[in-house]
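Just so you know, the protein sequences line up as chains A and B, in that order. With the first letter of the first sequence counted as 1, position 54 gets the number 55 in our numbering; the numbers rise by one all the way through. With the first letter of the second sequence counted as 1, position 366 gets the number 437 in our numbering; the numbers rise by one all the way through. Backbone N, C-alpha and C fix where the C-beta goes; we use that ideal spot for every residue, glycine too. This one's a predicted model, so the numbers in the text were calculated from it and none came from an experiment. Read through the structure below, which is laid out as structure tokens, and then see the notes.
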Amino acid sequence: MDLRMAIIIDEKKMTMLRNIILEIARSAGLRGAVQKCHIEGKTSLYLVRISSVPPKIYLSKDSVDYLATLKPLREEEQEELLELLKERATILSRENDIDVSIFVDKLPVVMSVQRDTTDEEMIARIINDVSRMLSIRRDTVMRILKSVIGEEYVELVRAYRAVSRR
Amino acid sequence: MGLNRLSIGDVLDRVSRKFDVSKIYVSLDPISLSVAGRIHAKERISYFRSGDELLLGILTNAGRSIAIVAPRLMDVGAYITCLRSIVNILEQNVNKSVLVVVLCANWRVFSSFVSMSVVSNLPICIPGSLSSIGLMGAYALSEPKLSVLVVEPGLISLEELDEELDLEGVEGLCRAGGTEVRVGSGRVAVLAGGSVVNMLLEALETLSEDISIYALTSIDGDLRDRISSIVKEHANIVIVGLGGVFEDMVRAIAEKCLEDGQISRIPNITSVDSILGDGHAMSRDSLLATILDILGRGRSDLSRSPKISSIVTVEANEEIRSLMDKARRAMDIDSIFVIRPMHLGYGEHLEEAYEACVRVSSAGLNRLIILAHITEVCRSRGAIEWLLENTERIILVLSTCHTPEHLKRELCKEISAIAPPGTSIITVEEFLPERRRGRSRLIIVA
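If you want it as structure tokens, here you go:
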């Protein structure tokens, strides 16, 4: 197992998401690593790697399996990400936040959600996708959510409950 | 063995507990404060503002000590001089173990620190992973001497879920001389330092017959001997991730060997940093493509590093973002400056507060919003005072993230002392944009 993700999100939300993703990896008996980078010195990009051996994070062409962005991206930023993306990788974004034609050569699976989707719903989708890729049961993820974030983000728990039912 | 979450702060915490470190000196800057935030024994933490204070602290402390510092580019020379003084003093007064962890927020600081250490003969270690920080820290604190770990930006923002550090085993490994690595049997020598060694080791599967990797984890008095043995053995030397000074140094050593008749010709010396480097994180593919090109194994168009950097920043939180928006609406402004390591996403990001002074005086800017960390008041006191006195209207937003409460109170007192008459110092809640027009200077502690 070697899952590499790139997530564009703000620091506070990533702190919470990082805790959840690493706990999910721990439940799956896997190791993980998270590193913060910047695209063109501006937009924060988090590289996540989950692996059965100690994961080393570095930039590499065609390495990212899953790209999620909670922010609209400029064309130049998308071109930088294109280099990192693997063929047939998954992209999660809000409608019109990315230009799919830039990524078309990599034949990605694009999950474009409605513009009014909240950040919590986007995060819930990421959690759902990660847990499915690592074959972690829904009730285990619910337990992790409750233990990691407690009562602070009720909306996230609610959003995950809705997303994972589908 | 269970899996644990590790960041550089956690590693230093474990090392400090294992070796019963009596004092942890933390520099007043947001990066050092965020790393120190992961250290549990807060009572052992002391804060320092300059190299002189650090020197005094280390010399007066009886036991083992750790210092954490994230210098700006302009401070590198001062810290090298200070550390050099500590090394000289400790050589005469043994029985003190001191570990100085230098957190480099960007590649320019890293490269400058490594280059200046080599030039000033300051022994340093360059860890390539979190576990090697533990390894080198354990080794440093088990010996009575000063050790300097220069940490590259990628490791500062890294968090791993991995097995617990085995500091007992690590200590034994260090004593057995396990800090030097030579892998491969190729004719081309690749001298590397830091995390780039991991990338090269992975690449070795395909290049093991072409290259020999020399991982320089420590740069000390033996360096010249080690490099001259490499120069004698290899006719082609590639330098990766160690800064520009190494290219000149290897060449100078080779010339000396040639003069002494130890080699018949100067080796072909190439620095990959100068081919690829523009401050961005090195990509594995561009590094390999460049090495293959040097080896004469074909040229590809990959030798461009992606414009993705691993610079360390402190992101403005939601409260500061909304405050900045309100402040922008409250007055007509000429410019928004953000002093690094603070990061906002818009506005002009400057390395130092002094750059803002230069911009104000050269471009005649008069209405400014500046975002900086509260510790900038100590680091660039003169610049902040100058900006407050020489602008018509200014809103200075000082972020307090990663700052402990007692330190925040102390720094607020300092802000009151430097603020010129007529300056209002308020909190975020007290900021009312509609009243802004009547005031000319405002400091908001957020």
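Sort out for me which residues DSSP pairs residue i with in a bridge.
i        : result
B/Ser518 : Limits of chain B in this structure are 72 at one end and 517 at the other, which puts residue 518 of chain B out of reach.
A/Thr70  : A/Ile9
B/His420 : B/Val409
B/Val94  : First, the residue type needs correcting, since residue 94 of chain B is Lys and not Val in the sequence shown. DSSP, once it has assigned bridges, lists B/Ser136 as partnering B/Lys94.
B/Glu234 : B/Leu74
B/Thr498 : B/Val516
B/Ala260 : B/Ser283, B/Ile308
B/Asn339 : B/Asn307
B/Val169 : B/Ser136, B/Leu217
Using the C-alpha atoms, what's the distance from residue j back to residue i?
i        : j        : result
A/Tyr67  : A/Ile92  : 6 angstroms
A/Lys43  : B/Glu326 : 44 angstroms
B/Gly249 : B/Val261 : Annotation note: pLDDT 47 at B/Gly249 (below 50); position unreliable, coordinate value reported separately. C-alpha separation (whole angstroms): 19 angstroms.
B/Met270 : B/Phe502 : 50 angstroms
B/Asn132 : B/Ser93  : 8 angstroms
B/Asp123 : B/Val86  : 25 angstroms
B/Thr316 : B/Gly225 : According to the sequence as given, residue 316 of chain B is Val; it is not Thr. Spanning the two alpha carbons is a distance of roughly 21 angstroms.
B/Asn307 : B/Gly369 : 17 angstroms
B/Ile515 : B/Phe408 : 15 angstroms
B/Val254 : A/Glu78  : 37 angstroms
B/Thr341 : B/Glu318 : 7 angstroms
A/Ile150 : A/Met17  : 7 angstroms
A/Ile58  : A/Arg50  : 7 angstroms
B/Glu330 : B/Val321 : 14 angstroms
B/Arg246 : B/Pro198 : Confidence at B/Arg246 is low in this model, with a pLDDT of 49, below 50, so its placement is unreliable and the value that follows should be read with caution. Straight-line Cα distance between these residues: approximately 17 angstroms.
B/Pro412 : B/Leu229 : 16 angstroms
B/Ala209 : B/Leu193 : 19 angstroms
B/Leu170 : A/Glu121 : 42 angstroms
B/Ser357 : B/Ser188 : 28 angstroms
B/Leu238 : A/Arg32  : 20 angstroms
A/Ala160 : A/Asp117 : 14 angstroms
B/Ile470 : A/Glu152 : One detail in the question is off: residue 470 of chain B reads as Ser in this sequence, not Ile. Rounded to whole angstroms, B/Ser470 to A/Glu152 spans 27 angstroms at the Cα level.
B/Ala454 : A/Tyr154 : 41 angstroms
B/Leu275 : A/Leu157 : 44 angstroms
B/Pro475 : B/Ile440 : 25 angstroms
B/Ile497 : B/Ser487 : 11 angstroms
B/Asp91  : B/His444 : 32 angstroms
B/Leu217 : B/Ile160 : 10 angstroms
B/Ile379 : A/Glu80  : 11 angstroms
B/His420 : B/Leu394 : 18 angstroms
A/Thr70  : B/Ile102 : 26 angstroms
Name the chain B residues whose beta carbon is nearer than 7 angstroms to that of residue i?
i       : result
A/Val35 : Glu230
A/Ile25 : Under the 7 angstroms cutoff, chain B gives no residues; its nearest Cβ is about 10 angstroms from A/Ile25.
A/Lys13 : Asn388, Glu389
A/Glu84 : Pro377
A/Pro55 : Asp233
At 7 angstroms on the CB atoms, spell out the chain A contacts of residue i, in chain order.
i        : result
B/Glu456 : Chain A residues near B/Glu456: none, gap ~29 angstroms exceeds 7 angstroms.
B/Gly225 : Gln36
B/Asp356 : Ser61, Lys62
B/Leu74  : Arg27, Arg32
Closest to residue i by C-alpha separation, out of the options, would be which residue?
i        : options                                : result
A/Gln115 : A/Ser132, A/Ile103, A/Ser94, A/Asp106  : A/Ser94
B/Arg512 : B/Asn437, B/His473, B/Thr384, B/His477 : B/Asn437
B/Ile195 : B/Lys397, B/Ser202, B/Glu162, B/Phe184 : B/Phe184
B/Asp84  : B/Gly134, B/Leu482, B/Ala138           : B/Ala138
A/Leu48  : A/Pro73, A/Ala7, A/Arg75               : A/Ala7
A/Ile9   : A/Gln36, A/Arg32, A/Arg162, A/Ala29    : A/Gln36
B/Ile310 : B/Glu280, B/Val268, B/Pro198, B/Asp293 : B/Val268
B/Ser105 : B/His473, B/Val97, B/Ile116, B/Ala488  : B/His473
B/His414 : B/Ser136, B/Ile382, B/Val82, B/Arg399  : B/Ile382
B/Ser200 : B/Asn339, B/Ser136, B/Leu236, B/Gly257 : B/Leu236
B/Thr277 : B/Leu363, B/Ile337, B/Leu206, B/Ser213 : B/Leu363
B/Cys449 : B/Leu77, B/Phe119, B/Asp81             : B/Phe119
B/Asp281 : B/His305, B/Leu458, B/Asp344, B/Gly108 : B/His305
If the cut is a Cβ gap below 8 angstroms, which residues of chain B does residue i touch?
i       : result
A/Arg19 : Glu230
Between residue i and chain C, is there a C-beta pair that is closer than 8 angstroms?
i       : result
A/Ser94 : Here chain C cannot be found, since the structure's protein chains are A and B.
Against residue i, what residues of chain A qualify as contacts under a CB-to-CB distance less than 9 angstroms, listed in chain order?
i        : result
B/Ser103 : What B/Ser103 touches in chain A: nothing, since even the nearest Cβ is about 17 angstroms away.
B/Thr277 : Going along chain A, no residue has its Cβ under 9 angstroms from B/Thr277, so there is no contact; the nearest lies around 14 angstroms.
B/Asn269 : Lys57, Tyr59
Who are the neighbours of residue i on chain B, taking C-beta pairs under 9 angstroms?
i        : result
A/Lys107 : What A/Lys107 touches in chain B: nothing, since even the nearest Cβ is about 15 angstroms away.
A/Glu81  : Pro377, Lys378, Ile379
Output, in chain order, the set of chain A residues within a Cβ distance shorter than 8 angstroms of residue i.
i        : result
B/Gly416 : Lys43, Thr44
B/Ser382 : The residue you asked about is not Ser; residue 382 of chain B is Ile in the sequence shown. Residues of chain A passing the Cβ test: His39, Gly42.
Any chance the stretch 94-112 of chain B sits against the stretch 151-161 of chain B, with 3 or more Cβ pairs inside 8 angstroms? Using a Cβ-Cβ distance cut-off of 8 angstroms, the stretch 94-112 of chain B and the stretch 151-161 of chain B are not in contact, since fewer than three pairs of beta carbons, one from each stretch, lie closer than that value.
Can you confirm whether the stretch 82-89 of chain A touches the stretch 125-142 of chain A when touching is taken to mean that 3 or more C-beta pairs between the two stretches lie within less than 8 angstroms?
The stretch 125-142 of chain A, when compared against the stretch 82-89 of chain A, does not touch it at the 8 angstroms Cβ threshold.
Check your understanding: Can at least three beta-carbon pairs, one atom from the stretch 101-108 of chain A and one from the stretch 130-143 of chain A, be found at a separation below 8 angstroms?
Key -> By the Cβ rule, the stretch 101-108 of chain A does not count as touching the stretch 130-143 of chain A, because fewer than three pairs are nearer than 8 angstroms.
The stretch 423-431 of chain B contacting the stretch 480-489 of chain B, beta-carbon criterion three pairs below 8 angstroms
No, the stretch 423-431 of chain B does not touch the stretch 480-489 of chain B.
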